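Below you'll find the structure, written out as structure tokens, and then a few comments.
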Amino acid sequence: MSAELEHQAAFEATFRGWLSRQFTTPKALPSNLDLNEKIAIITGSNTGLGFEASRQLLKLGLSHLIMAVRSQTKGDAAASILRAGFPQSTVSVWILDMESYDSVASFVDRCATLPRIDIVVLNAALIKPSFTRASTGHELTLQVVYFSTALLAILLLPVLKAKRAAGGTRPPVITVVGSDLAYRADIQTTGPVLEQLDRDQGYSQFLWYSRSKLLITFFVSKLAESVDPNHVLLNMVNPGTTRGTAFLREFSPLLAKLAGVL
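What follows is the structure, given as structure tokens:
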């Protein structure tokens, strides 16, 4: 961590820090930015932030979008909307089940067949009202937000590096979507950390989500130290509180409505 980021960290973890981030004005994009002939992959792209990121990249002239989703039906429905709005681009729907390591590995194998990969946005995430265990044995939020996202990033790195070596003029980018809640995570410092999240005692959906996001933040920070930015750019973005994502669709209508006001 740079000295500047370390200095900012304490403030970023406060309520004032959170509030200030909600009013951040996005920087203007370069006027000559053009994604023609570029290929992008976005996980969790049939709804919410992933869908909007897809739309914005296509608006910038992206040639080929790969929507990595768990449901073929939902992915096809979202893709049809994007195809109608951007008929000049190719929009593909690929299945990726973030609850399955085999699915993650198969997805990466398929990515290796692409002629190039310029942008990867690892956006897939979920939050469950009650404790749910994935087939891997881990709590479901931890599985999707941390384990599978980390595995996907690790497996994609050599693929993207090879695509860069094959003649790309700019290094490809892997962007992992973070969360404000990572700053609010409360993790016990005694005993194994992962075991805390795999136990159902004291389960709280937002606490488990914040802990999972904190772990993936630590992971990206550490992984970036060993990745040559001339080969692959690895970074993390924090979208802040965003309305209209349907992120709390499994919760009570009142809670979902309150979240939509933010």
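Heads up: the sequence shown begins at 1 in UniProt numbering, then just goes up one per residue. Think of the CB as a built atom: it goes at the ideal place given N, C-alpha and C, for glycine as much as any other residue. Here the structure is a predicted model, which is why all the values come from computation and not from measurement.
Cβ atoms of Asp-118 and Ala-40 come within 8 Å of each other, at about 6 Å. Considered as a whole, the segment 174-246 harbours 193-198, 205-224 as its complete alpha helix (DSSP H) runs of no fewer than 4 residues, in chain order.
The straight-line gap separating the alpha-carbon atoms of Val-144 and Val-108 is approximately 16 Å.
In this chain, the beta strand (DSSP E) harbouring Leu-65 covers 64-69. With fewer than 16 other Cβ atoms from the protein chains shown falling within 10 Å of its own Cβ, Gly-137 counts as exposed.
Rounded to whole angstroms, Arg-116 and Leu-160 show a C-alpha spacing of 8 Å.
Per DSSP, reduced to three states, the secondary structure at Glu-139 is strand. Sequence-distant Cβ neighbours of Thr-132 in its own chain, meaning closer than 6 Å and more than five residues away, are Leu-140. When C-alpha distances from Ala-153 are compared across Pro-172, Ser-135, Arg-164, Val-176, the shortest belongs to Val-176. The distance from the Cβ of Arg-55 to that of Leu-19 is about 28 Å, inconsistent with a contact at the 8 Å cut-off. Between the segment 185-193 and the segment 203-216, the count of C-beta pairs closer than 8 Å reaches three or more; the two stretches touch. Rounded to whole angstroms, Ile-127 and Thr-189 show a C-alpha spacing of 24 Å.
Nearest C-alpha to Ala-150 among Ser-31, Asn-36, Val-220: Val-220. In the DSSP secondary-structure assignment, Trp-94 is bridged to Ala-68.
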